[in-house]
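The numbers in the numbering used here rise by one with no breaks, and the one at position 167 of the first sequence is 515.
Don't be surprised by glycine CBs; every beta carbon is placed ideally from N, CA and C.
Beneath this line is the structure, given in structure tokens, with notes to follow.
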Amino acid sequence: MPATKEDLLPALERLKAAFANALEAWYLQQARDLPWRRTQDAYAIWVSEIMLQQTQVVTVIPYYERFLTRFPTVEDLAKASLEEALKLWEGLGYYSRAKNLHQAAQVVVRDFGGVVPDTLEDILSLNGVGRYTAGAILSFAYGKRIPLLDGNVKRILARLLNDDAPINQPATEKKHWAWISELLDTSENPYVFNQAIMELGATLCTPKLTKCLLCPVHELCQAFKAGRVEALPVKTPAKAVPHKHIGVALIQNADGLYFIQKRPETGLLASLWEFPGGKQEADESLEATVVRELKEELNVDVNVGRHALSIDHVYTHLKVTLHVYHTEIVSPLDALELKAAQAFKWASLEEMRALPFPKANHAILRYIEIQ
DNA sequence: AATTCGGGGCA
DNA sequence: TGCCCAGAATT
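So, in structure tokens, the structure goes:
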């Protein structure tokens, strides 16, 4: 039987005396050696926490190392161009993180004397820093006793208390903040507690194939006792993801350079470079899509030639197939007008390699390379 | 409260 | 394939 609202908190009261000690003792023996656990530099920890948002540890590590090698201090990042920061972020996704981090670094240099702030109010004022990230920086860099709620902790709480409340709903999240705060209160070392509970979620209390028999707190776990570990946490079902087809123009000028444009500052893949094109409409051929989109977005007339390649790609809320066609501009170039981009450029393959492109575009660059 | 932001790891 | 990941910002 799932816990009801009435006996949930009493269960927490019974657990909490033993939870932190068992968890922390386990962590001190089992902790992974992660780069951001070797530093107390608040800037480095900040960078790591931004990169780790919705991104697994193994994915982040090489990006973290490269980023801090190029930008060892917040001043180095603040001085750099957004484009260079984006190039180092290329492939990591959620590019507004890089934009917010870059902008916030300039704020830290200008308004905070180059020191990452150590108060909740100041650090929450930085772009891209929400309640979790603010707490993580204050806890890991400054040793403050602040609870952390991330995907790992939500999953652990749902199981620990055998709670069926959907973890992806704000009301549940609010409840979880209260619970994790109570648990943290019993810890003698908040830094270790916060590292340990996320370590547990990442290594043992995983979404599938949980390793309960290795878990330091499985005897306290209400879902383990009830045999419901694999059934938790509950999430409300996601809606279906639409599949769009994109017509893309590969345009080469007389000098052999390719037409690329820089996407808008907001929205999907913000400020990354791409080849021009757009979404296919109902009852429209892909060739007609390319003609229409380039007229709408660039005010040019084109002839669409042979198909070059097609690329399938999956985003969180979108599946796309890029259909790339060799294309020729047949109207005067001085009439070209940017309506859906920040900038455009005629670029060689070498130049394009130095610019940040979305992952789905990498296959187009490889195609050009082997032509 | 719901949606929009990428891309990879892993079964 | 589908789910999840050291979430934040917008609507």
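Between residue i and residue j, is the Cβ-Cβ spacing less than 7 Å?
i, j, result
"I716", "V672", "no"
"R507", "L580", "yes"
"L670", "I594", "yes"
"V577", "C560", "yes"
"L598", "H674", "yes"
"M399", "V408", "yes"
"N516", "N475", "no"
"A392", "L416", "yes"
"E742", "Y375", "This structure gives no information on residue 742, because the portion of the chain shown stretches from 349 to 719."
"W621", "F705", "yes"
"L371", "A526", "no"
"H665", "V589", "yes"
"K592", "V668", "yes"
"V422", "V456", "yes"
"Y411", "L440", "yes"
Distance check for residue j and residue i, CA to CA, integer angstroms please.
i, j, result
"T558", "N510", "15 Å"
"L703", "A428", "14 Å"
"R479", "W384", "19 Å"
"A433", "Q570", "45 Å"
"L642", "R458", "42 Å"
"S633", "L436", "37 Å"
"A691", "A550", "42 Å"
"A513", "L486", "29 Å"
"A453", "Q600", "38 Å"
"Q378", "V540", "12 Å"
"A484", "Q401", "11 Å"
"P425", "F419", "Residue identity differs from the one stated: residue 425 is Leu in this sequence, not Pro. The alpha-carbon atoms of L425 and F419 are separated by roughly 5 Å."
"T614", "M700", "21 Å"
"I659", "P585", "28 Å"
"A574", "S529", "25 Å"
"A368", "P624", "54 Å"
"K556", "A373", "24 Å"
"D631", "E698", "38 Å"
Evaluate residue i with the Cβ neighbour count: other Cβ atoms within 10 Å of its Cβ, from every protein chain shown; 16 or more gives buried, anything less gives exposed.
i, result
"V596", "buried"
"K583", "exposed"
"T520", "buried"
"P538", "buried"
"K502", "buried"
"E567", "exposed"
"N651", "exposed"
"I718", "exposed"
"K627", "exposed"
"L681", "exposed"
"K523", "buried"
"H710", "exposed"
"H450", "buried"
"L616", "exposed"
"T554", "exposed"
With residue i and residue j assumed to form a contact (beta carbons below 8 Å), what rounded beta-carbon distance in angstroms separates them?
i, j, result
"L468", "A482", "6 Å"
"Y443", "A618", "6 Å"
"L684", "V648", "6 Å"
Check whether the stretch 458-469 and the stretch 496-504 touch, using three or more Cβ-Cβ pairs below 8 Å as the test. By the C-beta criterion, the stretch 458-469 is judged not to be in contact with the stretch 496-504, since fewer than 3 inter-stretch pairs fall below 8 Å.
Any contact between the stretch 603-621 and the stretch 517-535? By contact I mean 3 or more CB pairs, one from each, below 8 Å. Put simply, the stretch 603-621 does not touch the stretch 517-535. Fewer than three CB pairs are less than 8 Å apart.
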